[in-house]
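Protein chains in written order, with my numbering: chain U, 1 to 271; chain L, 1001 to 1271; chain W, 2001 to 2271; chain V, 3001 to 3271.
There are 4 protein chains.
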Amino acid sequence: MRLLFLGDVVGRVGRQVVLQHLPRLREAWALDFVVVNGENAAGGFGITEAIHEEFLEAGADAVTLGNHSFDQREALVFIERAPRLIRPANYPPGTPGRGAALIEARNGAQVLVVNMMGRVFMDPLDDPFAAIDRELDAAPLGMVADAVIVDFHAETTSEKQAFGHWCDGRASLVIGTHTHVPTSDHRILPGGTAFMTDVGMCGSYEGVIGMDKEEPLRRFTRRIGASRFEPATGEGTLSGLAVETDGTGHAVRVAPVRLGGVLEDVVPAFW
Amino acid sequence: MRLLFLGDVVGRVGRQVVLQHLPRLREAWALDFVVVNGENAAGGFGITEAIHEEFLEAGADAVTLGNHSFDQREALVFIERAPRLIRPANYPPGTPGRGAALIEARNGAQVLVVNMMGRVFMDPLDDPFAAIDRELDAAPLGMVADAVIVDFHAETTSEKQAFGHWCDGRASLVIGTHTHVPTSDHRILPGGTAFMTDVGMCGSYEGVIGMDKEEPLRRFTRRIGASRFEPATGEGTLSGLAVETDGTGHAVRVAPVRLGGVLEDVVPAFW
Amino acid sequence: MRLLFLGDVVGRVGRQVVLQHLPRLREAWALDFVVVNGENAAGGFGITEAIHEEFLEAGADAVTLGNHSFDQREALVFIERAPRLIRPANYPPGTPGRGAALIEARNGAQVLVVNMMGRVFMDPLDDPFAAIDRELDAAPLGMVADAVIVDFHAETTSEKQAFGHWCDGRASLVIGTHTHVPTSDHRILPGGTAFMTDVGMCGSYEGVIGMDKEEPLRRFTRRIGASRFEPATGEGTLSGLAVETDGTGHAVRVAPVRLGGVLEDVVPAFW
Amino acid sequence: MRLLFLGDVVGRVGRQVVLQHLPRLREAWALDFVVVNGENAAGGFGITEAIHEEFLEAGADAVTLGNHSFDQREALVFIERAPRLIRPANYPPGTPGRGAALIEARNGAQVLVVNMMGRVFMDPLDDPFAAIDRELDAAPLGMVADAVIVDFHAETTSEKQAFGHWCDGRASLVIGTHTHVPTSDHRILPGGTAFMTDVGMCGSYEGVIGMDKEEPLRRFTRRIGASRFEPATGEGTLSGLAVETDGTGHAVRVAPVRLGGVLEDVVPAFW
Ligand SMILES: [Fe+2]
Ligand SMILES: [Fe+2]
Ligand SMILES: [Fe+2]
Ligand SMILES: [Fe+2]
Ligand SMILES: [Fe+2]
Ligand SMILES: [Fe+2]
Ligand SMILES: [Fe+2]
Ligand SMILES: [Fe+2]
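This is how it looks when you write it as structure tokens:
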């Protein structure tokens, strides 16, 4: 299968770059399954129902979230009728929505999508290592699921890499989100799981992690804010990871995708 | 000038990859100035005098540090007689060593090297934004310094990117260290400062941020450690950034360097 | 001199209990100098000009602040014309207002009031230990200042106790604020400085640190908030510390003050 | 029933003050059940089997722990044969020992003792609010348990007070530990649960939270340590809380206990 994961979409610039590229890439690369992290899609904070539907129409099969899942309060409601919208699985029991879903790809394959949050320098949710075991046991790769995509939304490189090793062999892809900067360490772990510490964001790289740089700079230097954070303007960059899996659901090829904006363009050589 | 910065050297594997490649690259690329971050060189924690000298002999002009600066207690002593060894400048007044130094390159140019630590999710040192202003004012780029290299040792992508913008135009290079994963966002900021959120480490990428994965995994899953952290074995990767500056000391070309190990090899196309 | 320090005033309940008791106590105990921490006076977050004046009219000689200093934006402006309003001294240079002031008591004595913030689990401000040295050197106890009152606004008991020892002999009183719970360890340190890890708050102890308990409980159990924090209702408690100093400005007597609400009433036996 | 809870015993000074007072108080006050927090009993870090037995012989019916539970590695082993030694219940499944135990008092009553850790500014363990529900449901007060004592080992006053309210009516006592400073807010919550934000420590209050003050001061001011933390010397203080329950297991009287050292002596008036 051909999988594409797109990192945290930040504000209008991020949404535009997804809408601009995704329909074409879906076609050109004959993608089987696309996941988009949408936690920052609505002005940098959370997601609305309209934006969620826009992503699905543009070619996303699933949308994942993170610590900003419910910044737009409407998400607490519409997530219940949005079976392809996945919030972190280690929120407390009773949290609206779902943390994992088995979703049918257009080719009929079953893809397990899991969203999970790290705990180091993050909100103290339930143990993600124990929680991923439960999710992976419920829909084992190669038995129930034809592919397994895990979005691990976490701050530190250490927790993310440990999580990748923990899942190695049991997922097609473990991909980090949240830091809004793509890392250069995409690879296939020994057990066959594609891994990348952070996929980076879809948005403008001219600011500070996708936001206009003035307010962050003010807070860092004066310790007192003056206004809200606003998404950075400037040309947007699409940032993602392309993964090809074999019949067992394990990764056989992995390559970054970056298109537009101030970063260097890169696309998979194998598609 | 041709500058090379190599990220956090982790343990024996990291040192070996530096000793293996640096003398040759220095020659082949006609490098004018090389900086190596050595905070994890001694078994993953700190640096010894012997290792510091090994780096200088292999072709480093300066060695920077970070939160592990003084994990090897001898560093508190020998740093006083090691003018090319730079610890974070925002440690309290009275800390042994220096946080910045104007160092003569082999071509006679004066290069200001500054090491600074971020504060988000790190030790609460003095304000790095105020401290860098003092250092940059003391040896302005293009007036006193022919090149200015700032190693910003920090955890979060937001503080690092804000710091890059803060210094833009006043440094040849602001480069992040500490997370041990190279980012893909190397670029030249509008004012002429080369920037990369994190340069990654020199060491084995088969573990967890350069350390053997068993103990980190144990602590993440059981919350109780069983032994000390040990550097990961496996083939090492050299990870760095190449920067070319013009007569004003601003960057005109920038490209990542990664050689060996499980990451994809990449070298500058322009040298 | 007879000094009274009242802890973080929280919302309307806190203000009422101060206005109810302070004028009477000022008279009855022949107080020479009164300091009130007002960082939570306006609905739990910050302070307004009207509230600040209310405190002065009720008998406060100085008002200190903390991490909520500027939650009410008007404080950034009126603090400049409020010489008795003191914000943490270790905010960056250029922050509106002042971190210390030498204020004339009604008996003509000069009292140095300093507000300082800790850094452990708090915002990364400048080093409070270095900053307090500068303040204490500028108006030494027994030479320039007849009394020195230091409000150390900090989270951890360790940083607060270390700060007390650091100042011992150089201040009449080092008193902790911020946790909103009075501690039972008021005492006079060997050098003559009265100390208490935290003075507690003026407000309702029926909630969670002065706020209505519903929203904190929701966030702790569901990790997703539903509304803003509101001050707790219920009968208020005045919480403070009484200190008597000798001719050298050192403390000779110290006793807690707690009046009203769900805590046990206690007043100094020596006045 | 007459219950006594003694806070974190720190080092030799702390142990001595427990051994000195506890046998006598047990007799004089006709205590039915005594719990001692022993997480810092062995040189400030953890507990040994010999010390644990010493506490039982001195009159403790149960010993609770905290974030230092396993600093002495032998505790990972002997805790399995020590049914009265309770470590935090929200450690991951598989952790040696137990997080709760129903222990028979000398008068034949059944007492549920639970140890739980908070998560704010602490290690990210499982949700303590969900975990305490499970423990309290398994041995309900007034049905299975004649008394329920919950040691909530946490950093912040907000999490501790929220936890007290959460358990109100379902426990005889919810008592905070970990900060090593007694608070003055002991009281009986509306539902009948005795509560105190922190019970303080048994040890010397002349240092910094029970440790000699030199090393903490060095680290706060220089940011670089020079030696290990050592318990403070000086006269010790016994610090605890006395609670009397009625036939339903709810608290009817509560009073602090502090004996010796630099704090003011206080004992219950009702025994
Ligand atoms: Fe995020
Ligand atoms: Fe994000
Ligand atoms: Fe490092
Ligand atoms: Fe580091
Ligand atoms: Fe406060
Ligand atoms: Fe505060
Ligand atoms: Fe503790
Ligand atoms: Fe403790």
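Each residue gets a CB set at the ideal place from its N, CA and C atoms; glycine is no exception.
Considering residue i, what are the terminal residues of the alpha helix (DSSP H) in which it resides?
i: GLU158 (chain U); result: What sits at residue 158 (chain U) in the sequence shown is Ser, not Glu. 157 to 167 is the extent of the alpha helix (DSSP H) around SER158 (chain U).
i: GLU2214 (chain W); result: 2214 to 2222
i: ILE175 (chain U); result: Segment 173 to 177 is the beta strand (DSSP E) holding ILE175 (chain U); no alpha helix (DSSP H) there.
i: PHE1195 (chain L); result: Counting along the chain, PHE1195 (chain L) falls outside any alpha helix (DSSP H), though it belongs to the beta strand (DSSP E) covering 1194 to 1196.
i: PHE1055 (chain L); result: 1049 to 1058
i: GLU1293 (chain L); result: The question about residue 1293 (chain L) has no answer here: the residues shown for chain L are numbered 1001 through 1271.
Does the distance from the C-beta atom of residue i to that of residue j stay below 8 Å?
i: VAL2257 (chain W); j: GLU2244 (chain W); result: no
i: CYS3202 (chain V); j: VAL3077 (chain V); result: no
i: LEU2003 (chain W); j: LEU2173 (chain W); result: yes
i: GLY2059 (chain W); j: LEU2022 (chain W); result: yes
i: VAL3113 (chain V); j: VAL3035 (chain V); result: yes
i: GLY176 (chain U); j: ASP198 (chain U); result: yes
i: MET1117 (chain L); j: ALA1154 (chain L); result: yes
i: LEU1006 (chain L); j: ASN1037 (chain L); result: yes
i: THR3157 (chain V); j: ALA3171 (chain V); result: no
i: ASN90 (chain U); j: ASP126 (chain U); result: yes
i: VAL3063 (chain V); j: GLY3236 (chain V); result: no
i: ALA30 (chain U); j: PHE1220 (chain L); result: no
Does DSSP put residue i in a helix, in a strand, or in coil?
i: THR1064 (chain L); result: strand
i: VAL2266 (chain W); result: strand
i: ILE1103 (chain L); result: strand
i: PRO2092 (chain W); result: coil
i: ARG3081 (chain V); result: helix
i: ARG136 (chain U); result: Here residue 136 (chain U) is Leu; the residue named in the question, Arg, does not match the sequence. Note: LEU136 (chain U) maps to helix in three-state DSSP.
i: PHE3129 (chain V); result: helix
i: ALA3075 (chain V); result: helix
i: PRO190 (chain U); result: coil
i: THR233 (chain U); result: coil
i: MET3122 (chain V); result: coil
i: SER3184 (chain V); result: coil
i: ALA203 (chain U); result: The question names Ala, but residue 203 (chain U) is Gly in the sequence shown. Correct three-state label for GLY203 (chain U): strand.
i: MET2143 (chain W); result: coil
i: ILE86 (chain U); result: strand
i: ARG1098 (chain L); result: strand
What are the boundary residues of the beta strand (DSSP E) that residue i is part of?
i: PHE3005 (chain V); result: 3002 to 3006
i: ILE3149 (chain V); result: 3147 to 3153
i: PRO2256 (chain W); result: 2251 to 2259
i: ALA3242 (chain V); result: 3236 to 3245
i: VAL1113 (chain L); result: 1110 to 1117
i: PHE33 (chain U); result: 33 to 37
Name the chain U residues that come within less than 9 Å of residue i, Cβ to Cβ?
i: ALA1226 (chain L); result: None at all; the shortest Cβ gap to chain U is about 15 Å.
Give the residues of chain L in contact with residue i, contact being defined as C-beta atoms less than 7 Å apart.
i: ASP3123 (chain V); result: ARG1223
Which residues in chain V sit within 7 Å of residue i, going by Cβ to Cβ distance?
i: TYR2205 (chain W); result: ASP3185
i: ARG119 (chain U); result: PRO3124
Quick one: list the residues of chain W neighbouring residue i, beta-carbon separation under 7 Å, in chain order.
i: PHE70 (chain U); result: ILE2224
i: PRO92 (chain U); result: THR2221, ARG2222 and ARG2223
What does residue i reach in chain W if we use C-beta pairs closer than 8 Å?
i: PRO3088 (chain V); result: Result: empty, since nearest Cβ-Cβ is about 17 Å, beyond 8 Å.
i: ARG3258 (chain V); result: SER2184
Closer than 8 Å by beta-carbon distance: list the chain L residues that pair up with residue i, in chain order.
i: THR3095 (chain V); result: ARG1222, ARG1223 and ILE1224
So residue i contacts chain U; which residues on that side make the cut at Cβ distance below 8 Å?
i: HIS997 (chain L); result: Chain L is shown from 1001 up to 1271; residue 997 (chain L) falls before or after that span and cannot be answered.
Exercise for review: Mind the definition here: the segment 140 to 150 of chain U touches the segment 204 to 222 of chain U only if three or more C-beta pairs lie below 8 Å; say whether that holds.
Suggested key: no
Exercise for review: Would you be able to state if there are at least three C-beta pairs under 8 Å between the segment 1126 to 1133 of chain L and the segment 1072 to 1086 of chain L?
Suggested key: Counting C-beta pairs closer than 8 Å gives fewer than three between the segment 1072 to 1086 of chain L and the segment 1126 to 1133 of chain L, which falls short of the contact rule.
Check your understanding: Does the segment 2047 to 2056 of chain W come close enough to the segment 2254 to 2268 of chain W to have 3 or more Cβ pairs within less than 8 Å?
Key -> no
Practice item. Could you tell me whether the segment 224 to 232 of chain U touches the segment 195 to 213 of chain U, where touching means 3 or more Cβ pairs closer than 8 Å? Key: yes
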